[in-house]
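J.: Quick one: this structure, given as structure tokens, is what I'll be asking you about.
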Amino acid sequence: MVARALREMALFLEMQEVPFKPRAYEKAARTVQALERPLAQIEVESGLRGIDALPGIGKGIAERILELLHTGRMAELERQRDALPIDVLGLTAIEGVGPKLAVALHRELGVRDVRDLERACQNGAVRGLAHFGEKTEQKILRRIGFLARGSGRALLGDALALARVIEARLRGVPGVQHAAAAGSVRRRRETVGDLDFVVAARDTPRVILAFVEMPEVAHVTARGHTKALVRLASGMDADLRVVPQASFGAALAYFTGSVAHNVALRRIARQRGLKLNEYGLYRGSRRVAGRSEEEIYDALDLAFVPAELREDQGEIDAARAGRLPVLIEYGALRGDLQVQTDWSDGAASIEEMARAARSLGLEYIAITDHTRDLRVAHGNDEKRLMQQVESIHALNRKLRGFRVLTGAEVNIRGDGTLDIADAALAQLEVVGAAVHSAFRQSRRDMTRRVIRAIENPHVDILFHPTARALGQREPVSLDIDAVIEAAARTGTVLEVDGIPERLDLKDEHVRKAVNAGVALAIDSDAHRVGQLACADTLGVAVARRGWARASDVINALPASRCLARLKDAQTRRRRR
DNA sequence: GCCGTTTTCGGCCCGACTGTTTTCAGTCG
């Protein structure tokens, strides 16, 4: 609510062509949106000073925020709304409509909201305005239709798969020297708004042509000499930028972002009398770096910043001080500690999952089928669980160079007890516990419930801690700091679940857990063979965004050492 | 309105494309 109000203020100020203030409000809005703790909590703990201390928020905006928190209103914003009664946020959400056009539409045609604008376009009224014609009208109508169909952001899993296909197509175009996906998909954000590609090539027109003619393209939105923008059949937009080879690194960095990271880099460049743009790093008119990203960071006396960290969340300072973590590498996982089979709601047998995991290069998996309370998933009771243990032992005698660990994904009941008896859990090598019911408990009850499970000596790992489903189900209300604190105290592992809809823990939580010294497990939560790869492609990506090193991840260890770690933690919990 | 490796005043990231118009404003990334 606060971020929206600040963004709306920025737009109103921009309409009046007030210099610099719009950017200040915009930056403040971004800061608020990225906050992990509620503003109200910050205020309770440290008052106005605490809010003033947030990056991009000074005394003026902090006071406006407090006003909004206390009274539910922001007088200045309401004054702006009275002076110009239009839905600025709705109108400017339409691609191609910015604050200037919004104000012109209102002045000339009386447009107040998206519905008015749609009607005006359909009536052909917009083309009558100075500077606007029929094409603009059509573009606006198309975009309104798109907005009505959904939020417009894709899951990382889907976006990444599509990006890799297009990347491969671009690399196959004759004359292409380098081609890479940039943007938020390269930073591995959990959702992706559109795809960005950067290409270095000798024959630019040929690349542009190949791009707009890809089978994935539904509509060509723009097509210039060095760039093109298309709408893909999937509904996503894809941007292409073609640059000379000597500028490839600069362009890749530029289009990878984030915007905040880029702005910080440019500021450092300026402070040194240099200029950074998508063509390179320049001293005067002489390019001093730009062929590769490494060259640019190096020229700015910064350590290379992996794309997943480029969010202006402290990585620049760390790069300057040489304190960037050595992130866990893709391909570094040796095992997978959450795998479901046809013993519960999975599609494949234990052996099929094991063989598929081995072919991905893994050394071990834990079979963690659902347990009793999850009736819909045919959860195991103690008796079937012991039968499964027997069949896993038999399979292990058969498999070579691969180990299947016994385990379960037990349910944390509403009161924090588990749905499988401790005596049975004691027989298993890997016990994950998870919330699968009573999602709507209060924050206090849910936190207490989860911590109680974490404190159970038999629970090795808390699976998908917030139980969210991206675009489908909100995370449960949980005091994540308290959960991390409990995990640190008990040695319980927190999971990064790699299923595209989960990615749970999410990046910010991973970073907190790592800072608290909590061990992580990066799992696929695979229910079929094809999902096993998610642990590496998505789970590791999220862990990297959370600044995790290989040493933070227990399944980057060989099976024996991984199990030894779990056993140590268990002993610790017993002694409490 | 914010901020500080030029610091408490004087700056604030930069370039391409579109649509429409003959020189550029607005928008976007």
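In this note's numbering, the protein residues as written are 16 to 591.
C-beta atoms are modelled at their ideal positions from N, C-alpha and C, and glycine is treated no differently.
The structure displayed is predicted, hence computed values, not measured ones.
Less than 6 Å between C-beta atoms, sequence neighbours within five positions excluded: which residues of the same chain meet that for R298?
T.: Taking the first residue of the first sequence as 1, we reach residue 298 at position 283. Same-chain partners within the cutoff: L289.
J.: Once DSSP output is grouped into helix, strand and coil, what is the label at V188?
T.: Residue mapping note: residue 188 aligns to position 173 of the first sequence, counting from 1. V188 falls in the coil class under three-state DSSP.
J.: State buried or exposed for Y345, treating a residue as buried only when at least 16 other CB atoms are found within 10 Å of its CB.
T.: As a first step, residue 345 is located in the first sequence; it is residue number 330 there, counting from the start. It is exposed - the Cβ of Y345 has fewer than 16 other Cβ atoms within 10 Å.
J.: Under 8 Å: do the segment 355-362 and the segment 516-532 share three or more Cβ pairs, one atom per stretch?
T.: no
J.: Which of the three DSSP states, helix, strand or coil, is assigned to I469?
T.: On the first sequence, residue 469 is found 454 positions in, with the first residue counted as 1. Correct three-state label for I469: helix.
J.: Please classify Y312: does DSSP put it in a helix, a strand, or coil?
T.: Within the first sequence, numbered from 1, the residue matching residue 312 stands at position 297. Assigned with DSSP and collapsed to three states, Y312 falls in helix.
J.: Using CA coordinates, which residue listed in G513, D460 and L210 is at the minimum distance from A484?
T.: For the purposes of this step, residue 484 is taken as residue 469 along the first sequence, with counting starting at 1. Closest option to A484, Cα to Cα, is G513.
J.: Counting C-beta neighbours from all protein chains within 10 Å, is the total for D97 16 or more, i.e. buried, or is it exposed?
T.: Sequence index remark: in the first sequence, residue 97 carries index 82 (1-based). Flag for D97 reads exposed.
J.: Can you tell me the Cα-Cα spacing of I427 and P490, whole angstroms?
T.: As a first step, residue 427 must be located in the first sequence, where it is residue number 412. As a first step, residue 490 must be located in the first sequence, where it is residue number 475. Those two C-alpha atoms are separated by around 16 Å.
J.: With a 10 Å radius around its C-beta and 16 neighbouring C-beta atoms as the bar for buried, classify E326 as buried or exposed.
T.: Against the first sequence, residue 326 aligns to sequence position 311. Buried is the call here.
J.: The alpha helix (DSSP H) that contains R302, what's its start and end?
T.: For this step, residue 302 is matched to residue 287 along the first sequence. Where R302 is concerned, there is no enclosing alpha helix (DSSP H), although the beta strand (DSSP E) it sits in stretches over R301 to A304.
J.: Below 8 Å on the Cβ atoms is my contact criterion, and I expect T383 with N395 to pass it. Report the Cβ-Cβ distance as a whole number of Å.
T.: Taking the first sequence and counting its residues from 1, one reaches residue 383 at position 368. Taking the first sequence and counting its residues from 1, one reaches residue 395 at position 380. Their Cβ separation, rounded to whole angstroms, is 10 Å, which puts T383 and N395 out of contact at 8 Å.
J.: Would you kindly check if the distance between the Cβ of R203 and the Cβ of R517 is under 8 Å?
T.: Looking up residue 517 in the first sequence gives position 502. Looking up residue 203 in the first sequence gives position 188. Against a cut-off of 8 Å, the Cβ pair of R203 and R517 comes out as no contact.
J.: Do you know how far the Cα of Q585 is from the Cα of P472?
T.: On the first sequence, position 457 is the one that residue 472 refers to. On the first sequence, position 570 is the one that residue 585 refers to. Whole-angstrom Cα-Cα distance: 5 Å.
J.: When we look at the beta-carbon of G431 and count the other beta-carbons within 10 Å, is it buried (16 or more) or exposed?
T.: Position 416 of the first sequence, counted from the first residue, corresponds to residue 431. With 16 or more other Cβ atoms within 10 Å, it is buried.
J.: Taking one C-beta from the segment 294-312 and one from the segment 260-267 each time, how about it: are there three or more such pairs within less than 8 Å?
T.: Touching, yes.
J.: State the DSSP-derived secondary structure class of K527, mapped to helix, strand or coil.
T.: Taking the first residue of the first sequence as position 1, residue 527 is located at position 512. Looking at K527 - three-state DSSP - the assignment turns out to be helix.
J.: In chain order, what are the residue ranges of uninterrupted alpha helix (DSSP H) at least 4 long that sit wholly in the segment 201-239?
T.: 219-227
J.: So, with DSSP's three-state summary, where would you put T151?
T.: For the purposes of this step, residue 151 is identified with residue 136 of the first sequence, where counting begins at 1. Note: T151 maps to helix in three-state DSSP.
J.: Going by CA-CA distance only, name the one from A347, V450 and E367 that's closest to L572.
T.: In the first sequence, the residue the question calls residue 572 occupies position 557. Of A347, V450 and E367, the residue nearest in Cα terms is A347.
J.: Please give the ranges of any alpha helix (DSSP H) in the segment 378-441, keeping only runs that are unbroken, at least 4 residues long and fully inside the region.
T.: 397-413 and 437-440
J.: Hey, would you say V445 sits closer than 8 Å to I495, going by beta carbons?
T.: Translated into the one-based positions of the first sequence, residue 445 becomes position 430. Translated into the one-based positions of the first sequence, residue 495 becomes position 480. No, the pair does not count as a contact, with Cβ atoms beyond the cut-off.
J.: Locate the alpha helix (DSSP H) running through Q456, then write down its first and last residues.
T.: In the first sequence, residue 456 corresponds to position 441, counting from 1. Looking at the DSSP string, Q456 is not in any alpha helix (DSSP H), and its letter there is neither H nor E.
J.: Is it buried or exposed, A409, if we count other Cβ atoms within 10 angstroms and call 16 or more buried?
T.: As a working note, residue 409 is residue 394 in the first sequence. With fewer than 16 Cβ atoms within 10 Å of its Cβ, A409 is classed as exposed.
J.: Between which two residues does the beta strand (DSSP E) containing Q353 stretch?
T.: What you label residue 353 is simply residue 338 of the first sequence in a count that begins at 1. Segment G350 to V354, the beta strand (DSSP E) holding Q353.
J.: Any idea if R94 is buried or exposed, counting beta-carbon neighbours within 10 angstroms, 16 or more meaning buried?
T.: Along the first sequence, one-based indexing puts residue 94 at 79. It counts as exposed.
J.: Would the segment 542-554 and the segment 445-462 be scored as touching if the rule is three or more Cβ pairs under 8 Å?
T.: no
J.: For a test of the three-state rule: what should DSSP assign to R142, helix, strand or coil?
T.: On the first sequence, position 127 is the one that residue 142 refers to. Assignment of R142 by DSSP, reduced to helix, strand and coil, places it in the helix class.
J.: Per DSSP, what kind of secondary structure is D460 in: helix, strand or coil?
T.: As a working mapping, residue 460 is identified with position 445 in the first sequence. Correct three-state label for D460: helix.
J.: Under a Cβ-count criterion, where at least 16 other Cβ atoms within 10 Å of its own Cβ denotes burial, should M16 be classed as buried or exposed?
T.: Along the first sequence, read from residue 1 onward, the residue named residue 16 stands at position 1. When all chains shown are included, M16 counts as exposed.
J.: Mapping the DSSP letters down to three states, classify V112 as helix, strand or coil.
T.: Counted from its first residue, the first sequence places residue 112 at position 97. Reduced to three states, the DSSP call for V112 is coil.
J.: DSSP state of D254, grouped into three classes?
T.: One-based indexing of the first sequence puts residue 254 at position 239. In the three-state reduction of the DSSP assignment, D254 falls in the strand class.
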